[in-house]
Every structure is written in C-alpha cells, then in structure tokens.
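Asker: Dumping the structure here so I can ask a few things about it.
Protein chains: 4
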Amino acid sequence: MKKILVAGATGSMGKQTVQLVEKLPDCQLVAVLAPTASKSAEFGASVKSFDNLAAVNIATDIWIDFTTPQAVYENTKFALKHHMHPIVGTSGLTPDQTKKLQAIAQKEKIGGIIAPNFGLSAVLLMKFAQEAARYFPDAEVIEMHHADKRDAPSATAIATAKLIAASRNPENCSQTAKDSTARGADYDGVPVHSVRLPGYVAHEQVLFGGPGEALTIRQDSFSRSSFMQGVKVALSRVMDLPDLVVGLDQIL
Amino acid sequence: MKKILVAGATGSMGKQTVQLVEKLPDCQLVAVLAPTASKSAEFGASVKSFDNLAAVNIATDIWIDFTTPQAVYENTKFALKHHMHPIVGTSGLTPDQTKKLQAIAQKEKIGGIIAPNFGLSAVLLMKFAQEAARYFPDAEVIEMHHADKRDAPSATAIATAKLIAASRNPENCSQTAKDSTARGADYDGVPVHSVRLPGYVAHEQVLFGGPGEALTIRQDSFSRSSFMQGVKVALSRVMDLPDLVVGLDQIL
Amino acid sequence: MKKILVAGATGSMGKQTVQLVEKLPDCQLVAVLAPTASKSAEFGASVKSFDNLAAVNIATDIWIDFTTPQAVYENTKFALKHHMHPIVGTSGLTPDQTKKLQAIAQKEKIGGIIAPNFGLSAVLLMKFAQEAARYFPDAEVIEMHHADKRDAPSATAIATAKLIAASRNPENCSQTAKDSTARGADYDGVPVHSVRLPGYVAHEQVLFGGPGEALTIRQDSFSRSSFMQGVKVALSRVMDLPDLVVGLDQIL
Amino acid sequence: MKKILVAGATGSMGKQTVQLVEKLPDCQLVAVLAPTASKSAEFGASVKSFDNLAAVNIATDIWIDFTTPQAVYENTKFALKHHMHPIVGTSGLTPDQTKKLQAIAQKEKIGGIIAPNFGLSAVLLMKFAQEAARYFPDAEVIEMHHADKRDAPSATAIATAKLIAASRNPENCSQTAKDSTARGADYDGVPVHSVRLPGYVAHEQVLFGGPGEALTIRQDSFSRSSFMQGVKVALSRVMDLPDLVVGLDQIL
Numbered sequence: 001m002k003k004i005l006v007a008g009a010t011g012s013m014g015k016q017t018v019q020l021v022e023k024l025p026d027c028q029l030v031a032v033l034a035p036t037a038s039k040s041a042e043f044g045a046s047v048k049s050f051d052n053l054a055a056v057n058i059a060t061d062i063w064i065d066f067t068t069p070q071a072v073y074e075n076t077k078f079a080l081k082h083h084m085h086p087i088v089g090t091s092g093l094t095p096d097q098t099k100k101l102q103a104i105a106q107k108e109k110i111g112g113i114i115a116p117n118f119g120l121s122a123v124l125l126m127k128f129a130q131e132a133a134r135y136f137p138d139a140e141v142i143e144m145h146h147a148d149k150r151d152a153p154s155a156t157a158i159a160t161a162k163l164i165a166a167s168r169n170p171e172n173c174s175q176t177a178k179d180s181t182a183r184g185a186d187y188d189g190v191p192v193h194s195v196r197l198p199g200y201v202a203h204e205q206v207l208f209g210g211p212g213e214a215l216t217i218r219q220d221s222f223s224r225s226s227f228m229q230g231v232k233v234a235l236s237r238v239m240d241l242p243d244l245v246v247g248l249d250q251i252l
Numbered sequence: 001m002k003k004i005l006v007a008g009a010t011g012s013m014g015k016q017t018v019q020l021v022e023k024l025p026d027c028q029l030v031a032v033l034a035p036t037a038s039k040s041a042e043f044g045a046s047v048k049s050f051d052n053l054a055a056v057n058i059a060t061d062i063w064i065d066f067t068t069p070q071a072v073y074e075n076t077k078f079a080l081k082h083h084m085h086p087i088v089g090t091s092g093l094t095p096d097q098t099k100k101l102q103a104i105a106q107k108e109k110i111g112g113i114i115a116p117n118f119g120l121s122a123v124l125l126m127k128f129a130q131e132a133a134r135y136f137p138d139a140e141v142i143e144m145h146h147a148d149k150r151d152a153p154s155a156t157a158i159a160t161a162k163l164i165a166a167s168r169n170p171e172n173c174s175q176t177a178k179d180s181t182a183r184g185a186d187y188d189g190v191p192v193h194s195v196r197l198p199g200y201v202a203h204e205q206v207l208f209g210g211p212g213e214a215l216t217i218r219q220d221s222f223s224r225s226s227f228m229q230g231v232k233v234a235l236s237r238v239m240d241l242p243d244l245v246v247g248l249d250q251i252l
Numbered sequence: 001m002k003k004i005l006v007a008g009a010t011g012s013m014g015k016q017t018v019q020l021v022e023k024l025p026d027c028q029l030v031a032v033l034a035p036t037a038s039k040s041a042e043f044g045a046s047v048k049s050f051d052n053l054a055a056v057n058i059a060t061d062i063w064i065d066f067t068t069p070q071a072v073y074e075n076t077k078f079a080l081k082h083h084m085h086p087i088v089g090t091s092g093l094t095p096d097q098t099k100k101l102q103a104i105a106q107k108e109k110i111g112g113i114i115a116p117n118f119g120l121s122a123v124l125l126m127k128f129a130q131e132a133a134r135y136f137p138d139a140e141v142i143e144m145h146h147a148d149k150r151d152a153p154s155a156t157a158i159a160t161a162k163l164i165a166a167s168r169n170p171e172n173c174s175q176t177a178k179d180s181t182a183r184g185a186d187y188d189g190v191p192v193h194s195v196r197l198p199g200y201v202a203h204e205q206v207l208f209g210g211p212g213e214a215l216t217i218r219q220d221s222f223s224r225s226s227f228m229q230g231v232k233v234a235l236s237r238v239m240d241l242p243d244l245v246v247g248l249d250q251i252l
Numbered sequence: 001m002k003k004i005l006v007a008g009a010t011g012s013m014g015k016q017t018v019q020l021v022e023k024l025p026d027c028q029l030v031a032v033l034a035p036t037a038s039k040s041a042e043f044g045a046s047v048k049s050f051d052n053l054a055a056v057n058i059a060t061d062i063w064i065d066f067t068t069p070q071a072v073y074e075n076t077k078f079a080l081k082h083h084m085h086p087i088v089g090t091s092g093l094t095p096d097q098t099k100k101l102q103a104i105a106q107k108e109k110i111g112g113i114i115a116p117n118f119g120l121s122a123v124l125l126m127k128f129a130q131e132a133a134r135y136f137p138d139a140e141v142i143e144m145h146h147a148d149k150r151d152a153p154s155a156t157a158i159a160t161a162k163l164i165a166a167s168r169n170p171e172n173c174s175q176t177a178k179d180s181t182a183r184g185a186d187y188d189g190v191p192v193h194s195v196r197l198p199g200y201v202a203h204e205q206v207l208f209g210g211p212g213e214a215l216t217i218r219q220d221s222f223s224r225s226s227f228m229q230g231v232k233v234a235l236s237r238v239m240d241l242p243d244l245v246v247g248l249d250q251i252l
C-alpha cells in the first residue's frame, strides 16, 4: 500500500487527486497540506491535515503537488529531503530550480516526476509526432481552443512544433510558399495555426504529408478530469524512477 | 436528345467532357472545336471538327467551353448569338466581359452558365457555409493543398471566407485574439489558414463554433475527374435557365 | 416586447430557458409553470408562478414547454386555445397527438413549433445532408457518443439516414460489399455506424463520396447549453409562423 | 555504394523501385530479374538483365523482391544463400515458408526484411495505436475505402484491431452496448467499422477515448507511390539487420 500526501488538497486539481487516491486500491491518503486543510471537512478522520510546510511531521511514500508557483520549489525540496517521491503538477518551476531539485534527488537517491501536462492524449500526441517526424519531415500543427483563450499559439502547440523540428532532418523538408499570414506562425520551420471558436474546448492536431500519403494525430481535451489519468500513471511508476524526470512522456 | 459542341476538346478537361457526353444517354456529341481538332483521331466519324471559331457553321443546343482565357469571351459570345446554351468552365473572363455576355444573353433570350468551379463538393461547401454562418457567425477556414501550390490562401478559400462574412451578422461574432500570425490571414474578419504538405491534393474545411457545439464542413478533391459531376449537373439544367448565371451554386 | 411563459421552469432545460429569456432584450418572462414553481426562490417578484395547468390565468405571447411526455399534449393544447404561440422542446408527443395539435392550431389560426432537437449544429447537419444527397447519393453516417449511451444508433443518426435515403435517387448509388457487420446497420440503404467511447459527448458525421471527391459534414455537441441557441432562433420566428410546424429545420 | 538487384523489375511496383534506386545517391542498380527483362528497353546498358532465377550469376548487396506469390519463396531463399540482404514486398509467403526463410537467414548469418505493407503512414498508425492502447484501452477502428473494395474490414484494419487488443488490459475497458450491427465487427473486443464510398482511396483511423479526452490517429493513402518511402527506409537499414524480420514497424 503506497502512502500518499497531497499538497494543495483543497484546490481544484487537489480535490480531484484526493478523490483519485481514495479510489485506487493500492494507494492510501495519509496526509494533506493546504492553508485551510485543518479546517476543511473534506478529509477523513484518519487523514492528517497540515496547514503549512513547517508543520509537516510525517514521511509518506509519495508527495503529490498541486500548489502554487510560490510554494512548489520548497515543497518539492522538502519531499526529496524526506525521501518522499514527488509527483509535481504545479507549474512555475524555473529551469534553474528544476536543475537544483534534480541535483538534490540524485544526492538523496530518490526518483520523482515533474509534469507540466498530465493530459495523456496531449502527451502521447507529442511523443508520436516526434517519432513520425523522422519519417515525415513535412508537418504542420493546428490547435483549436475556445474563443476566450488570449494567447496564440498554445504552449503545447509550440512545444509540439519544436519537438518535430528537433526530430526531423530539415534537409528533407519540402519548400513551400511562406509569404502569407495564412501560412501561420513559424516555429523552427514548422507552421503553427491557431483556431479560436466558441464551443471548442482544447484540441490539437498534427498533420504530416509525404509522397502519396498523409498521417494525422489529433487530441481533444473535453474537461480537466482527463488530467487524473496522467496522475494515475505517475502514481504507478514514480516509486521505480531512479531520478527526477521532467515530462510525463518520459515514463510512458 | 441534346446536341453538344465541345470547345477545347483536345485539352485535359475537354477530353474528359467528350467522354462524359458520349456516355450520357440524352446527349449527343455533334461537333468539336480545337486548333488541331480536324487532325485528331479521337473523335468519331459522325462528329464535325472545327479548327477555329470562324469555321463553325453549325448550331447545337449546348456549347461547352474548356478553352483559354484568350478565346473564351469570343466563343461564348458566338454561342449566345447562335442560340447555343453555353456551359463555360474556362477561367479568365473579366467582370466587364461577364456583364457584356449577360446583356447579350438577355437580348437573345437564351440562358447559360459560367462556372469558375465545377467541383460539386467545393460548391456545396460554399453554399452550406453561407447558410450556416447565419446561425454560427464565428467561423474559420482551413484549406490544405499539395506542397507545390504557390499561392496561399487558395482562391476558393478566399471566396468561402467572403461568402461567410457577407452572410453573417458581424455584431454576433466573438472577439478573439488576433495578434499572432498563427491566427491566419483575415478576409473580411474570417481567419483563413493554409496548409501546404506533400501527399495532399486539394481540401478545404470550414469550422463553425457556438455555445456548447461545433459544426464542420469539409470537402476533399482527390482528382480532376470530380469536375465532370458538375458538368453533368450543368448539362441537365442549362437549357431551362432563363439567363446567363455565374456559379454552379446558382443551379443546385 | 414578447411576453413569455416557461413551462417546466424548474427543470434543467427550463432553468436555462429562463436565463435566456431574461437576457434577451426583446423578451420578458412574465410567468412560469412547474409543480413547485410557487415555492421556488428562483423567479423574480414580477414573475407569476403557477403550480399546475388549471391555475394558469394569463395569456402570454409565447409558451415555451420543457415539461414531461405526460404533460406536453395538454399544455400545448392549452397554449394554442389561449392564443399563445407554443415552442415545444418536450419529447413524447405521438404522431396522432401532433396531428391533433396541428388541427387545433389551424382552427385557432395560431402558429408554433414542435422541435425534437434544438441543437442547431445537428439540425443544420440534417438539412445539409438532405441537400447534398441529391448530388452525392453515396453516403454513410457515423455517430459517436459516450460509452454509457445504451441505444445504437442514435435517434438523430437514424433520422439523418432516412432523410438522405428519401432525398437521393437510389438508382445512382454504388453497389458496395454489405456482407460484414463492419458495414454497419442499414437504414433505407444508408449504412449507419455507432462509436461508443468514454470522453466523447455527442457527435455525428455524414460522409459523402463521388468520383474523385468527398464531402463531409460533422457536428459536435459538447454540452446541453447548445440547445439555447435553437430556442433563441425559435423565439425570434415563432410569432410569424402561420401554422404549427415540426422540426427546427423548417424555420432555418 | 550499395549494389542492388530488383526482382520483378517490369511490374508496377518494380518499375517504381528501379526509379527510386536510380535516384538514391548511395545505391546502384546493377541487375534486374523479370521474365522479359532482357527484352526491355527500360534498363541502362550497365544493368544486367536476367529472365529467370536460374540465370542469375551475380551477388549484390541487396535483393528487392516485388514478384509473385509463386516466385517469392525461391527468390528469397536464393538471395539469402548468396548473401544478398532481401527486402521482400511480394505477398503470399505462408507462415511456414517465412519460418523456413528465417532459419536459412540465421544459418547464413544474414539479415533482411519481409514487409506486407510498405506504407509508412499505415505502419506508423499501427505502431502508435499499439502504444496508445496501453493508456487508452477503449478504442475503435474506422477504415474507409473506395466503393469497389470487396472485402470488409480491410486486412490492415483487422491487424490494427488485433494489435490494440493484444496491447491493452481488457479489464480496464468500458462496457458498451454491442447489440446492434451499427456497433461494427468485433475483433478481439475492438469494434471495426468499414466505410465504402466512391472517391475515397484507402484511409484508416483509430479513435481512443478516456475520461474527458480523446486521441485519434488517422492515415490516408492517396496513391501507391507512397510505398516507395517505406522501401527507402528498408534500403537504409536492411544491411544492419541481424536477422530476417517481418514488418516494417520492426525497423522504425
């Protein structure tokens, strides 16, 4: 039975994580950390509640973190130093902080995972796109989001384009017309197109073309509940990881 | 039995048209016009061959034109004046020439059709998009073509965007982020995205979004043989048209 | 200002309708009907609340009905007899009941609409599919729903297939292999395929194929909020309808 | 420079292979085998032409086989025994023949590849589907082909379904309604749907669904020219293979 502490247990993702842990037969929720954890009626009597990091006086097997950019570094450091395998879904770690955490993990000989995106379909799309680009160097990315999304392209679409560019041999790419804005934004030579329409949620597709054939990979995120599948995968693997890896794709 | 003359009968589209006419039970190929028509072995003994317009000494029911931008105006004028219903697939008529031809058609009391695009799927897509825009004002166009296509966006995609813009009420449109080239080219407020990939032929899709739902219309042109379905529709209707209409959608 | 009564105002669809009416500048909610309407705190002081049909002592311009199969016939009859234009979204009317209501509407000289489906994208899909089938007689329907949906195919997919079959000329259809269950269920000669997967909500696509080209129409329903767009369209047109029509497509 | 013999060089695939080899900078066509090879004017003066297997008196680095089910076994055996790495695109080898050839390859210590499908997009689709099924056990396959295809489902779709079934944990699958033919053909629990429409060429998609999200992989084969990309990949890898592998996916 894996003993689990959930940090950020009263937030939107944290609540879903608590529910997930309670349902999994090989996991046990033993503690939560959140500013108002001790006052919350959400957690069972057997669950220890801590209102701040300094109060935590327990070592679980796994530390799941859905907190804030301000808290995540100290939290993860604490987890590693107390030999709890961290699963970090909180965003905001700088590259420098990530490196420091990896150094601590190595010293303490404990593995964990930092995952900017727990959506399995998005992570698999990126993984497959990277692999396909070796055989289909010509690729374009189209992402589609609700009308209210302010930034374009989406961070995931940019990451996908860069992975494709890094994976393919640019010498094999076709020369195409690029002098119209209709051809999209260029990321390392990969055109990225952004659609913004009401009704849509969060969707991405990668189109590959080669002589006489085409390959398309598409993912649709209909709700944030999808992230729990990724957390589940992380829970099943984190205790076997030899170091602190970045990206869910590293363990798929 | 409708008697048909095919102008441009030795060209790529003209050849397919000749084959189509020969297969249709209610049509009869009686004459062809092409610079080398009289030397061609392609046409049956019963078919009259003319090498130039001045030589044409016959009046058929229908004149099908797949010639050149240089020839099409005089050809169509000739057809109208000799009371042959024209079906014009040749591009290159100026708006002014089109107006003059329509005036001649009116004076001669003869109908016909000028169609820039005989692809039924493309024409239906434009028709449906126009109609859908009344209920889904938020729309984007994505067209996908082979890597060698030089211009972007395609003429059909631009035409589609303009039809959508003219049909919808702009006051009902969502405000979306537009400050990235990833958002495509703007045609009357409708974003148009162009994908250029090897393997692809000619494809277009229109994406509509509204609260909680989406509507997508897509057409794929795999080969030019598709145009013959549009010619077939024109053949079945042209003799009933009261004037010289522009666009296959006018008779669907 | 159109005066509106909402029947079934405390149900899921009714609540959304009340919100919609309150937002529309040319509509005014003047009354609600629901078993517990008078006890509900949801409605403003200016709104009359009736707990049963017998209590209704007001005549509004429009009667919107999202009640139950048991109540809908008497409700609609009442509305027509008191010269309120009915917009009926409740399912369960038998063909016989519908005919009787249409006769009453004709006698009372009042128009209205009975709409089994207020989803604009679904209604437009059916309308376009019907039209496209005249030019593309070869068609197949694929509907995709969440894994819990018990029936297959969906009612809308069956309705779509039947509309296509009624609209096309079966003589022009291709002969295809039909001896495998992989070819789907046959509705008047149109294959219908049903996909059931978790994550999916409610989606339908119609695929048309002709020589060298294809046309695809797809609709996605992400949430029931989409129905309100259809109610909005009905609200804008119902007072001009000369009789009691069935199907939102009749007024698009 | 890799020296190549093409067997079946006058057939449709063989001709394309000859053209491919002549274009590749690190490959040299040194011999062809075909019943009428010596009479064909297609091959350069430097290329040796053999009309039958018994006449072949040369050992190249690589033997590419696009011949007939009758000839392929003896051809491949000959290639292996003369230490030519075989790339076999001819279908028709029985499982027993394949085993015998693998034994010969092992004895002769020479690698090669037998590939039932050289279409890279189809092979990658199968590879990715297999991988995705581990995280998305709920999956359905839809394949779309031209109206003339007699069998349904396609061999590739069946193979895809079986790979998915073998890769996923069936205990994690959703229970879905299966009592309608609309639910397709069942292959090891994976529903397979077949669409047959004119205009379509050869297309396949795999739909995966999980809580709140979906993943779709699609491939389109527009023409047989696509197979040459797979042959190219095989040419670049075959000389490094330690044994005789089956399936292009084994070397991707």
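Protein sequences, first through last, are from chains A, B, C and D. Anchor point for the first sequence: position 62 equals 62 in our numbering, and the numbering is continuous, going up by one each time. Anchor point for the second sequence: position 137 equals 137 in our numbering, and the numbering is continuous, going up by one each time. Anchor point for the third sequence: position 205 equals 205 in our numbering, and the numbering is continuous, going up by one each time. Anchor point for the fourth sequence: position 246 equals 246 in our numbering, and the numbering is continuous, going up by one each time. Ideal Cβ positions, reconstructed from N, Cα and C, are used throughout, including at glycine. The model shown is predicted, which means the values in this text are computed figures rather than measured ones.
Kindly list, in the order they appear in chain D, the residues whose Cβ is closer than 9 Å to that of C/Pro170.
Answerer: Residue 170 of chain C sits at position 170 when you count from the first residue of the third sequence. Result: empty, since nearest Cβ-Cβ is about 14 Å, beyond 9 Å.
Asker: With DSSP run on the structure shown, which of helix, strand or coil describes A/Gln16?
Answerer: In the first sequence, the residue the question calls residue 16 of chain A occupies position 16. The answer is helix: DSSP assigns A/Gln16 an H, G or I state.
Asker: Determine the extent of the beta strand (DSSP E) in which A/Gly112 is found, giving its start and end residues.
Answerer: By 1-based counting over the first sequence, the position of residue 112 of chain A is 112. Start and end: 112-114.
Asker: Taking any Cβ of chain D, which residues in the stretch 177-203 of chain B have a Cβ under 7 Å from it, in chain order?
Answerer: Flagged, chain order: Gly199, Val201.
Asker: With a cut-off of 8 Å, do at least 3 Cβ pairs link the stretch 32-52 of chain B to the stretch 205-215 of chain B?
Answerer: no
Asker: Can you pull the DSSP bridge partners for C/Lys2?
Answerer: Residue mapping note: residue 2 of chain C aligns to position 2 of the third sequence, counting from 1. C/Lys2 is bridged to C/Cys27.
Asker: Could you tell me whether the stretch 184-197 of chain B touches the stretch 137-155 of chain B, using the rule of 3 or more Cβ pairs below 8 Å?
Answerer: The stretch 137-155 of chain B and the stretch 184-197 of chain B touch, with three or more beta-carbon pairs separated by less than 8 Å.
Asker: In angstroms with no decimal places, state the Cα-to-Cα distance between D/Gln175 and D/Ala161.
Answerer: Walking along the fourth sequence from the start, residue 175 of chain D turns up at place 175. Walking along the fourth sequence from the start, residue 161 of chain D turns up at place 161. Looking at the two C-alpha atoms, the distance is approximately 17 Å.
Asker: What residues from chain D crowd round C/Ile142, counting only those whose CB sits closer than 9 Å?
Answerer: What you label residue 142 of chain C is simply residue 142 of the third sequence in a count that begins at 1. Those are Ile142, His193, Val195, listed as they occur along chain D.
Asker: A/Pro211 and D/Ser226 - do their beta-carbons sit closer together than 8 Å?
Answerer: Walking along the fourth sequence from the start, residue 226 of chain D turns up at place 226. Walking along the first sequence from the start, residue 211 of chain A turns up at place 211. In this structure, A/Pro211 lies closer than 8 Å to D/Ser226 by Cβ.
Asker: For A/Gln219 and A/Leu125, which I take to be in contact (beta-carbon distance under 8 Å), what is that distance rounded to the nearest angstrom?
Answerer: Numbered from 1 along the first sequence, position 219 holds the residue referred to as residue 219 of chain A. Numbered from 1 along the first sequence, position 125 holds the residue referred to as residue 125 of chain A. Confirmed, Cβ separation roughly 5 Å.
Asker: What are the start and end residues of the alpha helix (DSSP H) that includes C/Val123?
Answerer: As a working mapping, residue 123 of chain C is identified with position 123 in the third sequence. Under the DSSP assignment, C/Val123 falls in the alpha helix (DSSP H) whose first and last residues are 120-132.
Asker: What does a CB cutoff of less than 6 Å around B/Ile164 pick up in its chain, not counting 5 residues either side in sequence?
Answerer: Numbered from 1 along the second sequence, position 164 holds the residue referred to as residue 164 of chain B. Cβ neighbours of B/Ile164 within its own chain (closer than 6 Å, five residues either side excluded): Ala129, Ala133, Ala139, Val190.
Asker: Compute the beta-carbon to beta-carbon distance between A/Ala105 and A/Ala234, rounded to the nearest angstrom, for a pair I have assumed lies under 8 Å.
Answerer: Taking the first residue of the first sequence as position 1, residue 105 of chain A is located at position 105. Taking the first residue of the first sequence as position 1, residue 234 of chain A is located at position 234. Between A/Ala234 and A/Ala105 the Cβ distance is about 15 Å, and since that is not below 8 Å, they are no contact.
Asker: Going by the CB atoms, is the gap between A/Ala147 and A/Val192 shorter than 8 Å?
Answerer: Residue numbering aside, residue 192 of chain A sits at position 192 when the first sequence is read from its first letter. Residue numbering aside, residue 147 of chain A sits at position 147 when the first sequence is read from its first letter. Contact flag unset, no.
Asker: Is the beta carbon of C/His85 sitting closer than 8 Å to the one on C/Ala59?
Answerer: The count along the third sequence starts at 1 and reaches residue 85 of chain C at position 85. The count along the third sequence starts at 1 and reaches residue 59 of chain C at position 59. The beta carbons of C/His85 and C/Ala59 sit no closer together than 8 Å.
Asker: Expressed to the nearest angstrom, what Euclidean distance is found between the alpha-carbon atoms of B/Gly11 and B/Pro25?
Answerer: Counted from its first residue, the second sequence places residue 11 of chain B at position 11. Counted from its first residue, the second sequence places residue 25 of chain B at position 25. Distance between the alpha carbons of B/Gly11 and B/Pro25: 23 Å.
Asker: Report, in whole angstroms, the separation of the C-beta atoms of A/Val141 and A/Ile64, which I expect to be a contact under 8 Å.
Answerer: Looking up residue 141 of chain A in the first sequence gives position 141. Looking up residue 64 of chain A in the first sequence gives position 64. With a Cβ gap of about 31 Å, A/Val141 and A/Ile64 do not count as contacting.
Asker: Note down the Cα distance separating C/Leu244 from A/Glu22, rounded to an integer number of angstroms.
Answerer: Mapped onto the third sequence, residue 244 of chain C falls at position 244. Mapped onto the first sequence, residue 22 of chain A falls at position 22. C/Leu244 and A/Glu22: Cα-Cα distance of roughly 54 Å.
Asker: Taking beta-carbon pairs under 8 Å, can you tell me which members of the stretch 219-247 of chain B lie near chain D?
Answerer: Asp220, Phe222, Ser226
Asker: For the stretch 126-214 of chain B, list the beta strand (DSSP E) runs that are entirely contained and at least 3 residues long, ordered along the chain.
Answerer: 139-145, 185-187, 190-196, 202-210
Asker: Taking Cβ positions only, does A/Thr89 come closer than 8 Å to chain D?
Answerer: As a first step, residue 89 of chain A must be located in the first sequence, where it is residue number 89. With the sequence shown as reference, residue 89 of chain A is identified as Gly, and Thr is not the correct amino acid for it. False, the Cβ-Cβ gap to chain D never drops below 8 Å.
Asker: In the DSSP assignment, what are the bridge partners of D/Ala34?
Answerer: If you number the fourth sequence from 1, residue 34 of chain D lands on position 34. In the DSSP output, where bridge partners are listed per residue, D/Ala34 has none listed.
Asker: Taking Cβ positions only, does C/Thr216 come closer than 8 Å to chain B?
Answerer: Within the third sequence, numbered from 1, the residue matching residue 216 of chain C stands at position 216. So yes, C/Thr216 belongs to the interface.
Asker: For C/Phe222, which of helix, strand or coil comes out of DSSP?
Answerer: Taking the third sequence and counting its residues from 1, the one referred to as residue 222 of chain C is at position 222. If DSSP states are grouped into helix, strand and coil, C/Phe222 belongs with coil.
Asker: Grab the span of the alpha helix (DSSP H) containing C/Ile251 for me, first residue to last.
Answerer: Position 251 of the third sequence, counted from the first residue, corresponds to residue 251 of chain C. It is not in any alpha helix (DSSP H) - C/Ile251 carries neither H nor E in the DSSP assignment.
Asker: So B/Pro86 is in the beta strand (DSSP E); what residue range does that whole segment cover?
Answerer: On the second sequence, residue 86 of chain B is found 86 positions in, with the first residue counted as 1. Counting along the chain, the beta strand (DSSP E) containing B/Pro86 begins and ends at 85-88.
Asker: Keeping to the same chain, check which residues put their C-beta closer than 7 Å to that of A/Val72; ignore five residues upstream and five downstream.
Answerer: The residue given as residue 72 of chain A occupies position 72 in the first sequence. Here the set comprises Asp65, Val88, Thr90, Gly92, Leu93.
Asker: Would you kindly report the start and end of the unbroken beta strand (DSSP E) that includes B/Val99?
Answerer: As a position in the second sequence, residue 99 of chain B is number 99, starting the count at 1. The question names Val, yet the displayed sequence has Lys at residue 99 of chain B. Boundaries for B/Lys99: no beta strand (DSSP E) harbours it, while the alpha helix (DSSP H) harbouring it runs 95-108, taken from the DSSP string.
Asker: Can you tell me the Cα-Cα spacing of D/Val32 and D/Met228, whole angstroms?
Answerer: Translated into the one-based positions of the fourth sequence, residue 32 of chain D becomes position 32. Translated into the one-based positions of the fourth sequence, residue 228 of chain D becomes position 228. For D/Val32 and D/Met228, the distance between alpha carbons rounds to 17 Å.
Asker: May I ask you to report which of helix, strand or coil DSSP gives B/Thr68?
Answerer: As a first step, residue 68 of chain B must be located in the second sequence, where it is residue number 68. Coil at B/Thr68, not helix or strand.
Asker: Just how far apart, CA to CA, sit D/Thr68 and D/Val56?
Answerer: The residue labelled residue 68 of chain D in the question sits at position 68 within the fourth sequence. The residue labelled residue 56 of chain D in the question sits at position 56 within the fourth sequence. Taking the straight line from one Cα to the other gives about 17 Å.
Asker: B/Lys48 lies in the beta strand (DSSP E); which residues open and close that run?
Answerer: Position 48 of the second sequence, counting from 1, holds the residue named residue 48 of chain B. Where B/Lys48 is concerned, the enclosing beta strand (DSSP E) stretches over 48-50.
Asker: For my contact list, D/Lys81 and D/Glu108 are in at a C-beta cut-off of 8 Å; report their separation, rounded to the angstrom.
Answerer: Within the fourth sequence, residue 81 of chain D is the residue found at index 81, counting from 1. Within the fourth sequence, residue 108 of chain D is the residue found at index 108, counting from 1. About 6 Å; that satisfies the 8 Å criterion.
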